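J.:
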Amino acid sequence: MTRQLFIPITLALVIGFLIGPFLIIVAASFSAGDTLAFPPQGFSLKWIAKVFTVESFRDSFAMSMFLAIGGTFVALILGVPASYAMSRYKLPFSETIRTIVSAPIIVPGIIVGLALLRYFVVPFGIGITLALFLAHTALILPYAVRVVSASLTNLRSDIEEAAVLLGSSRLGAFFRVVLPNIRGGILSAFILGFVTSFNQVPVSLFLSGPGVRTLPIDMLGYMEIVFDPSVAALSSLLAFLSIGIVFMAERFLGFSRYV
Numbered sequence: 366m367t368r369q370l371f372i373p374i375t376l377a378l379v380i381g382f383l384i385g386p387f388l389i390i391v392a393a394s395f396s397a398g399d400t401l402a403f404p405p406q407g408f409s410l411k412w413i414a415k416v417f418t419v420e421s422f423r424d425s426f427a428m429s430m431f432l433a434i435g436g437t438f439v440a441l442i443l444g445v446p447a448s449y450a451m452s453r454y455k456l457p458f459s460e461t462i463r464t465i466v467s468a469p470i471i472v473p474g475i476i477v478g479l480a481l482l483r484y485f486v487v488p489f490g491i492g493i494t495l496a497l498f499l500a501h502t503a504l505i506l507p508y509a510v511r512v513v514s515a516s517l518t519n520l521r522s523d524i525e526e527a528a529v530l531l532g533s534s535r536l537g538a539f540f541r542v543v544l545p546n547i548r549g550g551i552l553s554a555f556i557l558g559f560v561t562s563f564n565q566v567p568v569s570l571f572l573s574g575p576g577v578r579t580l581p582i583d584m585l586g587y588m589e590i591v592f593d594p595s596v597a598a599l600s601s602l603l604a605f606l607s608i609g610i611v612f613m614a615e616r617f618l619g620f621s622r623y624v
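In the numbering used here, the protein residues as written are 366 to 624.
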């Protein structure tokens, strides 16, 4: 009996440890009080409504959306051909290339942010927006390469060769045969890159500047001045947005197959 109870109790404790803080934040976002506290002081939707009235939140949200969508799009433009070349051809130093591409994942984000600031942004005088865009693109690129490479591995190369033997050019076979068959992986890479960029904190913390900040960095700055439940409300909205995106991706794309 003890062994039969041990596993479900352990599972319940692990789940509670993982989602407990999230549930506390969600509960605090509906508080009727004027300060962030748990348990919530009554029930109110005023802090959810206030999120949409704070101008800095709207501006930083637009910046985060620009970086997430634009950076992911550029990362896919670079990552899809790179994945195709590494999957279909025996390139010299292929393992070294894979290691370099994966470096932003392996190295802690705070080190990446400091290195970019010290050795690229300051010496070359790169603007804040451009620096953030390049940094987010570099962070998303490894995810794009890995996810698309997984799709290409599952696609038999002889299908492409058959198209070439039937008269198609290599480029035509790529666009007519390869891309349609890996579109699920490309969309999954886009979603993963979008979520990764939108929630990025360490790199954005080093590269943000006056008037140009991402939403997570703006939330940190807001909490240094104001300690009301509006940040909890915004955190809840962003969490549900991320959960919804991942759920839809899993429902229609089989997202877990590519990550």
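Cβ atoms here follow ideal geometry from the backbone N, Cα and C, with glycine treated the same way.
As the structure is a computational prediction, the values presented were derived from the model and not from experiment.
From the DSSP output, in three-state form, read off Gly-474 for me.
T.: For the purposes of this step, residue 474 is taken as residue 109 along the sequence shown, with counting starting at 1. If DSSP states are grouped into helix, strand and coil, Gly-474 belongs with the helices.
J.: Would you identify the three-state DSSP class for Val-379, choosing helix, strand or coil?
T.: Your numbering for residue 379 matches position 14 in the sequence shown. Note: Val-379 maps to helix in three-state DSSP.
J.: Shortest alpha-carbon distance to Pro-446 belongs to which of Val-513, Val-487, His-501, Ile-434?
T.: Here the question's residue 446 lines up with position 81 in the sequence shown. That would be Val-513, whose Cα lies nearest to the Cα of Pro-446.
J.: Ala-500 and Leu-479: beta carbons closer than 8 Å?
T.: Locating residue 500 in the sequence shown gives position 135, where the first residue counts as 1. Locating residue 479 in the sequence shown gives position 114, where the first residue counts as 1. Cβ atoms of Ala-500 and Leu-479: not closer than 8 Å.
J.: In angstroms with no decimal places, state the Cα-to-Cα distance between Pro-581 and Met-430.
T.: The residue you call residue 581 lines up with position 216 of the sequence shown. The residue you call residue 430 lines up with position 65 of the sequence shown. About 12 Å.
J.: Contact check, Phe-592 vs Thr-418 under 8 Å by CB: the rounded distance?
T.: For this step, residue 592 is matched to residue 227 along the sequence shown. For this step, residue 418 is matched to residue 53 along the sequence shown. Not a contact, Cβ separation roughly 18 Å.
J.: Are Val-568 and Met-428 closer than 8 Å when you measure CB to CB?
T.: As a first step, residue 568 must be located in the sequence shown, where it is residue number 203. As a first step, residue 428 must be located in the sequence shown, where it is residue number 63. Going by C-beta atoms, Val-568 is not nearer than 8 Å to Met-428.
J.: Is it the case that the segment 553-560 contacts the segment 597-615, given that we only count it when at least three CB pairs across the two stretches are under 8 Å?
T.: Judged by Cβ distances under 8 Å, the segment 597-615 makes contact with the segment 553-560, as three or more pairs qualify.
J.: Report all residues from its chain with a CB closer than 8 Å to the CB of Pro-473; omit the five preceding and five following residues, and keep chain order.
T.: Translated into the one-based positions of the sequence shown, residue 473 becomes position 108. Once the five neighbours on either side are set aside, the close Cβ partners of Pro-473 are Pro-567.
J.: Would a C-beta distance cut-off of 8 Å place Leu-432 and Thr-561 closer than the cut-off?
T.: Counting from one through the sequence shown, the residue named residue 432 turns up at place 67. Counting from one through the sequence shown, the residue named residue 561 turns up at place 196. No.
J.: Who pairs with Val-577 in a beta bridge, going by DSSP?
T.: Mapped onto the sequence shown, residue 577 falls at position 212. Beta-bridge pairing links Val-577 to Gly-574.
J.: Which residues in the same chain as Ala-604 place their Cβ atom closer than 7 Å to its Cβ, once the five residues preceding and following it in sequence are excluded?
T.: For this step, residue 604 is matched to residue 239 along the sequence shown. These residues qualify, in order along the chain: Phe-387.
J.: If you draw a straight line from the C-alpha of Pro-436 to the C-alpha of Thr-502, how long is it?
T.: As a working mapping, residue 436 is identified with position 71 in the sequence shown. As a working mapping, residue 502 is identified with position 137 in the sequence shown. A small correction: the amino acid at residue 436 is Gly; Pro does not occupy that position in the sequence shown. About 4 Å.
J.: Any chance you could list the alpha helix (DSSP H) runs of at least 4 consecutive residues sitting entirely within the segment 513-590, in chain order?
T.: The segment 513-590 contains these whole alpha helix (DSSP H) runs: 522-530, 535-538, 548-563, 567-572, 580-590.
J.: Look at the Cβ atom of Glu-526, then the Cβ atom of Val-543, and state whether they are nearer than 8 Å.
T.: Position 161 of the sequence shown, counting from 1, holds the residue named residue 526. Position 178 of the sequence shown, counting from 1, holds the residue named residue 543. Not closer than 8 Å, so no.
J.: CA-CA distance, Val-466 and Arg-535?
T.: Indexing the sequence shown from 1 puts residue 466 at position 101. Indexing the sequence shown from 1 puts residue 535 at position 170. Computed Cα separation, rounded: 25 Å.
J.: Quick test of your reading: Leu-599 and Met-584, contact by CB under 8 Å. State the CB separation rounded to the nearest angstrom.
T.: Taking the sequence shown and counting its residues from 1, the one referred to as residue 599 is at position 234. Taking the sequence shown and counting its residues from 1, the one referred to as residue 584 is at position 219. The pair is a contact, with the Cβ atoms about 6 Å apart (cut-off 8 Å).
J.: For the candidate residues Asn-564, Ser-394, Gly-444, Asp-523, whose alpha-carbon lies nearest to that of Phe-352?
T.: There is no way to answer for residue 352, as the model of the chain reaches only from 366 to 624.
J.: Does the separation of the CB atoms of Val-416 and Phe-422 fall below 8 Å?
T.: Counted from its first residue, the sequence shown places residue 416 at position 51. Counted from its first residue, the sequence shown places residue 422 at position 57. Against a cut-off of 8 Å, the Cβ pair of Phe-422 and Val-416 comes out as a contact.
J.: With Lys-411 as the anchor, note down where its alpha helix (DSSP H) starts and where it stops.
T.: Sequence index remark: in the sequence shown, residue 411 carries index 46 (1-based). Where Lys-411 is concerned, the enclosing alpha helix (DSSP H) stretches over 411-416.
J.: Give the secondary structure of Leu-495 by DSSP, where H, G and I count as helix, E and B as strand, and everything else as coil.
T.: By 1-based counting over the sequence shown, the position of residue 495 is 130. Helix, per DSSP.
J.: Measure the alpha-carbon distance for Phe-485 versus Ser-452 and round it to whole angstroms.
T.: Taking the sequence shown and counting its residues from 1, the one referred to as residue 485 is at position 120. Taking the sequence shown and counting its residues from 1, the one referred to as residue 452 is at position 87. Near 31 Å, if we compare the C-alpha coordinates of Ser-452 and Phe-485.
J.: If you check the beta carbons only, do Ala-440 and Ile-505 fall under 8 Å apart?
T.: As a working note, residue 440 is residue 75 in the sequence shown. As a working note, residue 505 is residue 140 in the sequence shown. Taking 8 Å as the Cβ cut-off, Ala-440 and Ile-505 qualify as a contacting pair.
J.: Between which two residues does the alpha helix (DSSP H) carrying Ala-450 extend?
T.: The residue labelled residue 450 in the question sits at position 85 within the sequence shown. Here the alpha helix (DSSP H) through Ala-450 covers 420-453.
J.: Can you give the Cα-Cα distance for Leu-570 and Ile-380, rounded to whole angstroms?
T.: Reading the sequence shown from its first residue, position 205 is the one you call residue 570. Reading the sequence shown from its first residue, position 15 is the one you call residue 380. Their backbone Cα atoms lie some 30 Å apart in a straight line.
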